[in-house]
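In our numbering, the protein residues as written are 860 to 1115.
These notes are about the structure you will find just below.
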Amino acid sequence: MSGLSGKTALVTGASRGIGRAIAQRLAADGALVAVHYARQDDAAKETVTEIEQAGGQAFPLRAELGVEGDLDSLFAGLAEGFGDRPLDILVNNAGIATVTAGSIDQITPESFDRIFAVNVRAPLFLIQRALPLMSDGGRIVSISSASTRIANPDLAYSMTKGAIDVLGRLLAHAVGSRSITVNTVAAGIIDTDLTAWLRHMPDVAAALSSMTALGRIGQPSEIADAVAFLVSDDARFVTGHVLDATGGFFLGPPVG
Ligand SMILES: NC(=O)c1ccc[n+]([C@@H]2O[C@H](COP(=O)([O-])OP(=O)(O)OC[C@H]3O[C@@H](n4cnc5c(N)ncnc54)[C@H](OP(=O)(O)O)[C@@H]3O)[C@@H](O)[C@H]2O)c1
860 MSGLSGKTAL VTGASRGIGR AIAQRLAADG ALVAVHYARQ DDAAKETVTE IEQAGGQAFP
920 LRAELGVEGD LDSLFAGLAE GFGDRPLDIL VNNAGIATVT AGSIDQITPE SFDRIFAVNV
980 RAPLFLIQRA LPLMSDGGRI VSISSASTRI ANPDLAYSMT KGAIDVLGRL LAHAVGSRSI
1040 TVNTVAAGII DTDLTAWLRH MPDVAAALSS MTALGRIGQP SEIADAVAFL VSDDARFVTG
1100 HVLDATGGFF LGPPVG
């Protein structure tokens, strides 16, 4: 029997990238996974099919976050997929970046509101509505970024991830009496559609790798493995923590 057998999990933004890898890993560990996504039906279907072909259980759940009524559709789909079962694991992974549009000279009130709506407001109120459905001893994990501790020019994005780090610590304190743990994984540069531009800029990719202690860009499965630890029984006494899964990104000047 796998470690998450009989558990339910909601992974937001699970049609592609890091979220897909997390959904695959939690399903492989035995959980029934809600593969949440915004628009890309085919990608979500592919995630679900891959999970099922590997012997796991999952269902797609479409609900664009950051728009009017977003959580109503999400929780309706969740009720349909899980029935009366409680929610055991919530992974807040869905997120967007502003890239150059998030710099101090280009950020606008509209782009600021949009990125905060998706990256901060949505997970906060998703958690608020999920908590009454969660079993005691449940797990909440959110995906943050190394960009909270470096001078990333996309400052709007970094600000949203800073808010997620703070949310994790404060929430851990608030829900600890129910034995619910709340943790955050700070991802480094990971090869996904979000960073696809790096595939066309090998010089930049090489420079970023040289700023990483482990000397390379990460894979989505490497973030999924960190999440799998935090939702496992092995991490039952770990809460309010930001786990650095960046391969040692930007720890100091390149060595050697
Ligand atoms: N990649 C990196 O280097 C990196 C580094 C640090 C942190 N992160 C964080 O890791 C998380 C996942 O990133 P990723 O690189 O895997 O991204 P990605 O490949 O662009 O995938 C994004 C996922 O989020 C969903 N999504 C996007 N906007 C949404 C919205 N408004 N409502 C609902 N779902 C939405 C997408 O659904 P659709 O398929 O339907 O569009 C997709 O499933 C993000 O929070 C990101 O900030 C990434």
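Every residue, glycine too, gets a C-beta built ideally from N, C-alpha and C.
Remember, it's a predicted structure, so these values are computed and weren't measured experimentally.
Between residue i and ligand 1, is the CB less than 6 Å from at least one heavy atom?
{"i": "Val-892", "result": "no"}
{"i": "Ile-1049", "result": "yes"}
{"i": "Thr-809", "result": "Residue 809 lies beyond the residue range present for the chain, which begins at 860 and ends at 1115; the question has no answer from this structure."}
{"i": "Asn-952", "result": "yes"}
{"i": "Asp-1062", "result": "no"}
{"i": "Glu-923", "result": "yes"}
{"i": "Gly-872", "result": "yes"}
{"i": "Asp-1052", "result": "yes"}
{"i": "Ser-1091", "result": "no"}
{"i": "Ser-1069", "result": "no"}
{"i": "Ile-826", "result": "Outside the shown range of the chain (860 to 1115) lies residue 826, about which nothing can therefore be said."}
{"i": "Gln-965", "result": "no"}
{"i": "Ser-1004", "result": "yes"}
{"i": "Gln-899", "result": "yes"}
{"i": "Arg-1008", "result": "no"}
{"i": "Gly-878", "result": "yes"}
{"i": "Ala-802", "result": "Here the chain has residues from 860 to 1115 only, and residue 802 is not among them."}
{"i": "Arg-884", "result": "no"}
{"i": "Arg-875", "result": "yes"}
{"i": "Val-1101", "result": "no"}
Comparing C-alpha positions only, which one of the options sits nearest to residue i?
{"i": "Ser-1036", "options": "Ser-970, Asp-995, Val-958 and Gly-915", "result": "Asp-995"}
{"i": "Leu-992", "options": "Asp-943, Gln-883 and Ala-880", "result": "Asp-943"}
{"i": "Gln-987", "options": "Ser-1006, Gly-914, Ala-1033 and Leu-1014", "result": "Ala-1033"}
{"i": "Ala-893", "options": "Gly-928, Arg-980, Asn-951 and Val-926", "result": "Asn-951"}
{"i": "Leu-930", "options": "Thr-959, Thr-1105 and Leu-983", "result": "Leu-983"}
{"i": "Ser-861", "options": "Gly-889, Leu-885, Leu-990 and Arg-879", "result": "Gly-889"}
{"i": "Leu-1029", "options": "Val-1063, Phe-971 and Thr-1098", "result": "Thr-1098"}
{"i": "Leu-885", "options": "Val-870, Gly-876 and Leu-1053", "result": "Val-870"}
{"i": "Val-1044", "options": "Ala-960, Glu-1081 and Val-907", "result": "Glu-1081"}
{"i": "Val-1086", "options": "Gln-965, His-1059, Ser-1003 and Glu-905", "result": "Ser-1003"}
{"i": "Ala-917", "options": "His-895, Arg-998, Pro-1079 and Ala-1083", "result": "His-895"}
{"i": "Pro-1079", "options": "Lys-866, Arg-879 and Ser-874", "result": "Arg-879"}
{"i": "Thr-1071", "options": "Asp-1103, Tyr-1016, Ala-1022 and Ile-963", "result": "Asp-1103"}
{"i": "Thr-1019", "options": "Glu-927, Phe-941 and Ala-956", "result": "Ala-956"}
{"i": "Ser-1116", "options": "Asp-1052, Glu-927, Ala-1022 and Ala-887", "result": "Residue numbering for the chain in the displayed model covers 860 to 1115; residue 1116 lies beyond these limits and cannot be assessed."}
{"i": "Asp-1024", "options": "Val-1041, Ile-963 and Pro-1113", "result": "Val-1041"}
{"i": "Ser-874", "options": "Ala-953, Gly-915 and Ala-868", "result": "Ala-953"}
{"i": "Ala-960", "options": "Ala-1015, Ala-922 and Thr-906", "result": "Ala-1015"}
{"i": "Leu-1132", "options": "Val-907, Ser-932, Ile-974 and Ile-966", "result": "Because the chain is modelled from 860 through 1115, residue 1132 falls outside the range shown and cannot be assessed."}
Taking the continuous alpha helix (DSSP H) assigned at residue i, which residues delimit it?
{"i": "Val-958", "result": "Run containing Val-958: none; DSSP gives neither H nor E here."}
{"i": "Arg-988", "result": "981-989"}
{"i": "Ser-970", "result": "968-975"}
{"i": "Gly-842", "result": "The question about residue 842 has no answer, for the chain in this structure spans 860 to 1115."}
{"i": "Phe-934", "result": "929-941"}
{"i": "Gly-889", "result": "Gly-889 -> no alpha helix (DSSP H), and no H or E assigned at all."}
So the beta strand (DSSP E) residue i belongs to, where does it begin and stop?
{"i": "Gln-916", "result": "916-921"}
{"i": "Ala-897", "result": "It is not in any beta strand (DSSP E) - Ala-897 carries neither H nor E in the DSSP assignment."}
{"i": "Asp-1103", "result": "1101-1104"}
{"i": "Leu-869", "result": "867-870"}
{"i": "Asp-947", "result": "946-951"}
{"i": "Ile-1009", "result": "Taken as a continuous stretch (DSSP letters only), Ile-1009 belongs to no beta strand (DSSP E), as it is neither H nor E."}
{"i": "Val-1034", "result": "That residue, Val-1034, is in no beta strand (DSSP E); its alpha helix (DSSP H) goes 1014-1034."}
{"i": "Gly-996", "result": "993-1004"}
Our contact map puts residue i next to residue j with C-beta atoms below 8 Å; I'd like the distance itself, whole angstroms only.
{"i": "Val-1000", "j": "Gly-925", "result": "Not quite, the Cβ-Cβ distance comes to about 20 Å (not below 8 Å), so this is no contact."}
{"i": "Phe-1109", "j": "Ile-1039", "result": "Between Ile-1039 and Phe-1109 the Cβ distance is about 32 Å, and since that is not below 8 Å, they are no contact."}
{"i": "Ala-938", "j": "Pro-919", "result": "About 15 Å; that fails the 8 Å criterion."}
{"i": "Leu-1067", "j": "Ile-1049", "result": "Contact flag wrong, Cβ pair sits at about 11 Å."}
{"i": "Ile-877", "j": "Thr-1051", "result": "6 Å"}
{"i": "Leu-1057", "j": "Gly-1107", "result": "Wrong, their Cβ atoms sit about 18 Å apart, outside the cutoff."}
{"i": "Ser-1069", "j": "Pro-1113", "result": "5 Å"}
Which ranges does the alpha helix (DSSP H) cover as unbroken runs of at least 4 residues, wholly within the segment 1040-1081, from first to last along the chain? Complete alpha helix (DSSP H) runs here, min 4: 1061-1069.
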